[in-house]
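Worksheet for the structure shown next.
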Amino acid sequence: MSNFIVRKVAVLGAGVMGAQIAAHCVNAKVPVVLFDLPAKEGPKNGIVLKAIEGLKKLSPAPLGNKDDAACIEVANYDDHLELLKGCDLIIEA
């Protein structure tokens, strides 16, 4: 068995599945970067920000504590690909 430790996760895709995977990582106290396409209108990270806000409204709640949503780092594919370098695990959702 391997002793590989995941210190940081990137989740590619902020849809229903990707956002909830990010929430579970945060619940496990693993820092996570949530990526999606840049928004065509509004803030470039608007898609990811909307997904994170949606996590707070779900029932049953995917986040153990709604305030932990702030631990999800937001990113888009145009501006933040360099953030993948620091991730031990990359999940495409």
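In the numbering used here, the protein residues as written are 263 to 355.
Glycine included, C-beta positions come from ideal geometry on N, C-alpha and C.
ask   = At what residue ranges does the stretch 287–344 contain a whole run of the beta strand (DSSP E), taking only runs of 3 or more?
value = 294–298 and 334–338
inquiry  = the ligand HEM and Lys302: does the residue's C-beta get closer than 7 Å to at least one heavy atom of that ligand?
reply    = Within the structure as shown, the ligand HEM is missing, as the structure has no ligands at all.
Where the beta strand (DSSP E) containing Leu346 begins and where it ends = Taking the first residue of the sequence shown as 1, we reach residue 346 at position 84. Careful: Leu346 lies outside any beta strand (DSSP E) and carries neither H nor E.
inquiry  = Between which residues of its own chain and Val295 is the CB-CB distance below 6 Å, once the five residues before and five after are set aside?
reply    = To locate residue 295, count along the sequence shown from 1; it is residue 33. If we look at Val295 and ignore the five residues flanking it on each side, its Cβ neighbours are Ala272, Glu335, Ala337 and Leu345.
query = Among the residues of its own chain, which have a CB less than 6 Å from the CB of Leu351, if the five just before and after it don't count?
reply = Within the sequence shown, residue 351 is the residue found at index 89, counting from 1. Here the set comprises Val268 and Val271.
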